[in-house]
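Protein chains in written order, with the working numbering: chain A, 1 to 500; chain B, 1001 to 1751.
Every residue gets a Cβ at the ideal spot worked out from N, C-alpha and C, and that includes glycine.
This structure is a prediction, so every number in the text was calculated from the model and none was measured.
For reference, the structure discussed in these notes is given below.
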C-alpha cells in the first residue's frame, strides 16, 4: 500500500496532462480538472487514513535503498498537510467553475492548478532535500503561471516581484544545499539527521542552518522576507488567490518545521531563538500591515503573514504543546484563509469591488454569506469555540510554560488586532449600507449564474472550521502525534532508513 | 398577506419566550436543592487532550444568576417582539438574543475555566451583533466595534490569566482550585494572575477606566440594553470576581484594587449620569455606578459586604431592566428619549408610569422597597470592613444619593409636569410591552416586604457559595435605629438636595466633562487610529512597491543573520588553501574576474549581458577542465540561451540601452551588501571545501551504475534512475514554464 504515497503527486500531474489534451474543449478540460481534483482529494484522504492506521509510511523511488535513491516519507505532519491540500484543491476547483472563464481555461488554469497541487504534495511528502528543491521549483513555476493568469498590469507587476524574490530564495536554498552536501555527503533528510551529528564545525553548521532559515523564511513569508506576498496575492482571480493563500506559505512553514526538527537541532538556543524573534516580529508587522489597508484581499494577505508568525512561534518554542499548536494552527489556518479569500470573491460579485469603501449592505442582502464570512473571520480572530481559538490558546499556553511572557503577550495582542481587522471588514462590507444601491438588490450572484458553485465550497470549508472548533479532539490527537514524531526524529529516521 | 406574515413572525418571536420561561422554572426547581446542600457538578469530556471538560457546577451563585438571566430574559423576549414592530431582522434578533442568553447561562454555570471563557467570549460576540443591530447607523457600528475590542482585550487578558492559574494549580476546574487558594496566593505569579483577571472583569463590567463602552452600547435596541447591558452581561465581571473570591480574594491587593476602582467607578458614573439628558444614557451611567458599587463590596471579605454586593446585584437587575424597558416604551410611543422633550406621560401611560415609579423608588432606596434593603446592607457591609470603612461608606453614600436624585428625575420629569408637545397623541404601549416592567417593578416591592425570604432562598445561598462561613447574612426589613439607618436617612436627604439642584448640576457637569482633556474613550480612539497610522507608516517604509528595496532588505537580512551566526561561533578564520590550478585554468579565472568587473562598471546593457555570458562560458570551461563535460554542456547551453533571450527582450523594451545611475549613497550600500554577501558565501564555500567529502553515496553510484542500473554514463544513470524523481519534477518545471509563457503570449495575441 505504500504506493499510495506517490498518488497525491502523480494524480494531479496526470490530470494536468489530460487537461492539456483537451486544450480547445473547455468543458471537457473543466470536467477533467474537477474529476482530477476529486480523485486527488480521495487519495490524499486515503493516505491520511493509511498513515493514521499504520504509522509513518515510506517508499523508495526506483527501488534504490535510502539514502542512495529518493525516499518519499509520510509522517503525521505530512499527511495532515496533504489531506488539507486535497481538500482545498477540490474546494477551489469547485469554486473555479463559477469564476474561471474560457480565456483562463485556454491559458491553462486547470493544468497549472493541478501542477501546483502535485508540487505542494511532493514538497510535503519527500524525504530528500534536493527533491524538495525540485518541488519548490514546480510550485514556483505553476504559481507564477497562475498569478499572471488574465495578464492584468497589476498581476504582471506582482508576478515579477513574486518570482524575483522567490528566485532569491531558490538561490539560497541551492547554496545551502550545496554546502550541506559538502559537509555531510547526503541529501536524504533522515540520513542528514544522522550525518549532521558528525560535523564538528558548529560555526559552519550554524551558517548553513541560517541560510536554510532564510531560504524557507522567504517562502513562509516571515519578517523581513515577506515582501513578495502582499504585492501579489490580491491581483489574480479569486480561486488562484485562495489556493495560493491556503498552500504556498504553508509549504515554507512546513519546510522550516521539517528542517528545524529533523536536521538542524544542534544549537536550538540560537537557531530557534532567532526563529522566535522573527516569529514575534512577523506576527506584529503582519497585523499592522493589515491595519493599513482597506481592500479585502490585501487585508487577508497581511494576515497570512501575521499568522505564519504564530506557526513559526510554535516551532521556535520547540515543546510538545507548542508544536502541537503549530500543526493545529497550520490545519486551521489553511482552511480558514482559503475560505476567506473565496468569500472575498463572492463579496466582490455581490458588491462589485474588493475595496471596502465601495462594498456594503451584504449583511442585509446576503444573510447566509454574512454567516459564512463570520465563521472563518472570527475563527481567524481566535474567538472560541472556533478552530483558531484552540490553536492560539495552545501557543499562548506553550509560551507561558517556558516563561516567554513577552511572546505570550505578543500573541494575545496580535489576536486582538486580528479582531480589529475582521471587525473592520465586517463593519464595512457587511454592516454598512451599500454605497451603490444597484448592486445589493440585483441577483448577480455569479456573472452568468454559478452561485451554488461559489457557495458550496465556502459552506464546506465553514463547516470544517466549525467541526475543528467544536470537536477539536480528533484533530488535536493527530497534531499531537505529529508533534511527537517531530520531537523524536528517531521514529522518522528509523522509518526511512530501517533499523539503524 | 405581508401583514399576516409579519404578524405570524411576531407571534413566533413572542412564543420563543417559552425557552427562557422553561429555563427559569428549571432554575427555580433547583433553588431548594442548592440552598440546602451546596453544589452539584456535571462534567462531560470535551477535549480531554488539553484537560478541557464541559463541566458545570450548580450552586447558590450560579442558580442566583441563572434566575436573573432567565427571568429577565423571559420578559425581554415578550417585550421585544412588539418593540421591534416587524423589523427586517426580527428573526436574527431573536436568534442572537436566545443564543446570548444560553451563553450567559453557560458562563455562570461553567466550572471549567476554559469552558467559562468560551461562554464569556460568546457573550461578547452576541453583544457585538446586538449593539450593531441597527447596523446601517454609523454610530451603532462604531459602538459595537468599541465594545467588541474593549471586552475582547479584556477577554484575552482573562485567557492568559486562566492559563497561568492552571499552570499554578494544575487544574482548569474552579472547584478544584478553591482548596489551593493559599498556594496560589503565595505563588510568584499571583500578582500577574490577579491583574489579568481584573482586566477581564473590569472590561466586561465597565469599570473605570474601561467604562466608556457601556454608554455607547446604548445604540442597541432598548430590550438589549435592558437585558445585556444592565441586567446580565455586564454582571459577568461581577460574577467572575465573586466566583474567584475564594481563590484569589481577601488579600491586600485584591481589596485595595477593587475598593478603589469600584469607588471611582461608582461615584464617577453617578456624577456623569447627572450630566445626561438622554434617558438611556442616564441609565447607562447609573449602571456603571451600580457595577462600581458591586465591585467595591466584592473587595471586602466580611459577610455583610459580600451580602451587600449580591443583594444590590439583584436589586439593580430588577429595577434597572425595568427602567430600560420603560425608556424603550417612552421612546417607542413618543419618538424621543430626551428629558427636556418629555413630560406629562402619567395620564396617557399609567401602567408604564407605575412601573417607572416602582423601579425608581427601589433605585432611590425608599423604605418598603427592595432597594432600601440593599442600601441598608450596603452600609452595614461598609462599616464592617476592616480596611478603610470610611472610603467605602463615603463612596456608597455619595453614589446612592446621586442615584436617588436620578430616580426622582426619571419619574418626575417624563411623567409629571406639563405635557410636552408631541407630534402625535401618545398612547399606552401594548400589554406585552408594559407587563415586563410592571412585574419587575412589582417584584421590587414584594422583595422589599419579605427580605427574609429573599435572603434565605436567593442571596444567602449565592453568598455562601463563594464565602464559606455559616454566618447568617441577615437581610431584614428593620434592624433598629443604628448607623446604617442613619446613613440611609442622610442619603435620602442628600438625594433630595441633589434633585432640587439638578438643573444647575446638569449644566455644570456637562460643561466640566467637556473640558476634561484626557478621557478613556479618547485614549481608545487614539489607540484605534494609532494602529491604522502605525500600519500605514510601516507600509510606507517596508512595503513601498520598490523591488530594489525588497531585495535590499532580504539580502541584508541574509547577510546579517548568516554572517552573525557564522562569525559568532567561528573558531578563528577558516584556513584558505589557494586552489591548485593549472595555468590555463588561472587564465580563465582571470577572464571571469575581468568579465565581472565589466558587468559592474559598464553602463551599456548589451556589453553587460555579453560579459555575463562570458562569466557563464568561463565557468563551463572550468567545469570541462575538471572533467565534467555534461555539466559544461548544460551550462553552455543555458548561458547561450540566456544571452540571446535577454538581449532580444532588451531591444524590444522602450528606452532600453543604458542604465540610469542611482544615488551614490544607494550604490555604496548596494555595493557593500553585494560584496559582503559574496565574501560570506565564498568563505563558507572554502570552509566546506576544506573538509573531507563523505563519499559513501558517490561510491554507491559508482558501484551500481553499470552493474545494476546498466548505464555507462554515471550522470545519466543518476538523472534517469537513481534520482529519477528529481528529473520528473524538473520536466514538470520546464513544461510548466512553457505553459505559463505560452499563456502570457497567447493572451496578448488575442487582444
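Taking a cut-off of 8 Å for Cβ pairs, the segment 1082 to 1091 of chain B and the segment 1140 to 1152 of chain B do not touch, as fewer than three such pairs fall below it. Distance check between residue 379(A) and each of 17(A), 178(A), 335(A) places 335(A) closest, using alpha-carbon atoms only. Rounded to whole angstroms, the gap between the alpha carbons of residue 1703(B) and residue 495(A) is 25 Å. If you draw a straight line from the Cα of residue 1021(B) to the Cα of residue 1028(B), it is about 10 Å long.
Per DSSP, residue 1709(B) is not a residue of any beta strand (DSSP E), being assigned neither H nor E. The continuous alpha helix (DSSP H) containing residue 321(A) extends over residues 320 to 351. Within chain A, 383, 384 have C-beta atoms less than 7 Å from the C-beta of residue 1121(B), given in sequence order. Exposure of residue 167(A) is indicated by the presence of fewer than 16 other C-beta atoms within 10 angstroms of its C-beta. When the Cα atoms are used, residue 158(A) and residue 1194(B) turn out to be separated by approximately 49 Å. Using a CB distance below 7 Å, the part of the segment 1703 to 1726 of chain B facing chain A consists of 1721, 1722, 1723, 1724, 1725, 1726, ordered along the chain. Partner residues in the beta bridge of residue 60(A), as assigned by DSSP, are 71(A). In summary, the residues of the segment 393 to 404 of chain A whose CB is separated from some CB of chain B by less than 9 Å are 393, 394, 396, 397, 400, 401, in the order they occur in the chain. C-alpha of residue 1151(B) to C-alpha of residue 1116(B): approximately 15 Å in a straight line. Assigned with DSSP and collapsed to three states, residue 1579(B) falls in coil, not helix or strand. Put simply, of 1012(B), 1278(B), 1163(B) the residue whose alpha carbon is nearest the alpha carbon of residue 401(A) is 1163(B).
Taking 7 Å as the Cβ-Cβ cut-off, the segment 59 to 81 of chain A approaches chain B at 61, 62, 64, 67, 68, 69, 70, given in chain order. When secondary structure is reduced to three states using DSSP, residue 1045(B) falls in the strand class.
Taking C-beta atoms as the reference points, residue 1060(B) and residue 1316(B) fail to come closer than 8 Å. Between residue 1240(B) and residue 1184(B), the C-beta spacing is not below 8 Å. Nearest Cα to residue 1551(B) within the set 129(A), 35(A), 165(A): 165(A). The alpha-carbon separation between residue 1725(B) and residue 72(A) amounts to approximately 10 Å.
The C-beta of residue 492(A) comes no closer than 8 Å to any C-beta of chain B. Under DSSP, residue 1130(B) forms no beta bridge with any residue. At a Cβ-Cβ threshold of 8 Å, residue 115(A) and residue 229(A) do not count as neighbours. Minimum Cα-Cα distance from residue 1168(B) among the listed residues 1188(B), 1044(B), 1105(B) corresponds to 1188(B).
Using a Cβ-Cβ cut-off of 8 Å, residue 1580(B) is close to nothing in chain A; its nearest Cβ partner there is about 18 Å away. An exposed status is given to residue 1507(B), since fewer than 16 other beta-carbon atoms sit within 10 Å of its beta-carbon.
Ranked by Cα distance from residue 44(A), the options 54(A), 80(A), 58(A) are led by 80(A). In this structure the segment 1341 to 1355 of chain B does not touch the segment 1304 to 1311 of chain B; the number of beta carbon pairs closer than 8 Å is below three. Chain order gives the chain B residues near residue 210(A) as 1561, 1562, 1565, where near means a beta carbon separation below 7 Å. Put simply, of 160(A), 124(A), 397(A) the residue whose alpha carbon is nearest the alpha carbon of residue 1158(B) is 397(A). For residue 240(A), no Cβ of chain B is located within less than 8 Å of the residue's own Cβ. The beta carbon of residue 345(A) sits closer than 6 Å to the beta carbons of 238 from its chain, once the five residues preceding and following it are set aside; these are given in chain order. Within the segment 1031 to 1052 of chain B, 1046, 1047, 1048, 1049, 1050 place their CB atoms closer than 8 Å to a CB of chain A, listed in sequence order. Contact note: residue 274(A) reaches chain B through 1561, using a C-beta cutoff of 7 Å and chain order. In terms of beta-carbon proximity, residue 1136(B) lines the interface with chain A, with at least one pair separated by less than 8 Å.
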